[in-house]
Amino acid sequence: MSTFDSRSFYTRGNSLSVGASREHVERALLSFGATDVRSSHRGHLSAIAFRACGRQFRIVISVPHPDGIPAVPGDAAEVHGRGVKARDLELDARRFWYAFALSVDAKLAAVAAGVATIESEFLAHVVLPGSRTVIDELEPVIASAYRSGHRPVISNAATPLAG
1 MSTFDSRSFY TRGNSLSVGA SREHVERALL SFGATDVRSS HRGHLSAIAF
51 RACGRQFRIV ISVPHPDGIP AVPGDAAEVH GRGVKARDLE LDARRFWYAF
101 ALSVDAKLAA VAAGVATIES EFLAHVVLPG SRTVIDELEP VIASAYRSGH
151 RPVISNAATP LAG
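Structural data, given as structure tokens:
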């Protein structure tokens, strides 16, 4: 795994476009040694998938999205209001993607420094057989455990050896 240098990205701030932040994430993953890095977008959902250290990962995020603002019939003041809303949504999306890119950089830096493993940093996003992620499988189990107040039963999980 190679190291990567994201210092110039940090100094740019959240003035970067959504596309630039997304490209930064993809480049950081590739620099780390990930393969098959892909991104996709549907509505307010975006996904980044990649392979690293013998595992597949898929991160699905719900992002602020400037598209889909309803048309505003009427006068110039209403149209101006729509423009302000679109600009605010675009800034929200830029801030979101910038923060996401920083979080991916931090995870990759922790792995590169030996502080963590790729699995521990991205555990929720590991793709399991059947194409579901760890978070897809465990989120309802955890929610149920909190509702019931009982320890969750996680089937197919390895149990510690008694010794």
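Under full-length UniProt numbering, the sequence shown has 145 at position 145, and the numbering climbs by one with no breaks. We put the beta carbon where it would ideally sit given N, CA and C, even for glycine. In this text the structure is predicted, and so the values were computed from the model without any measurement.
For A47, the beta-bridge partners assigned by DSSP are S40, V60. When the alpha-carbon of S31 is set against those of H41, E90, A109, the nearest one is in A109. Cα atoms of P152 and H125: separation of roughly 20 Å, rounded to the nearest angstrom.
For R87, the three-state secondary structure derived from DSSP is helix.
In this chain, the alpha helix (DSSP H) harbouring G19 covers 18–32. Judged by DSSP secondary structure, I118 falls within the alpha helix (DSSP H) whose first and last residues are 118–121.
When the Cα atoms are used, A116 and F122 turn out to be separated by approximately 10 Å. Excluding residues up to 5 positions away in sequence, R94, Y98 lie with their Cβ nearer than 7 Å to the Cβ of L16 in the same chain. Burial check for A143: the Cβ neighbour count within 10 Å stays below 16, so the residue is exposed. Counting only the Cα atoms, L29 lies some 12 Å from C53.
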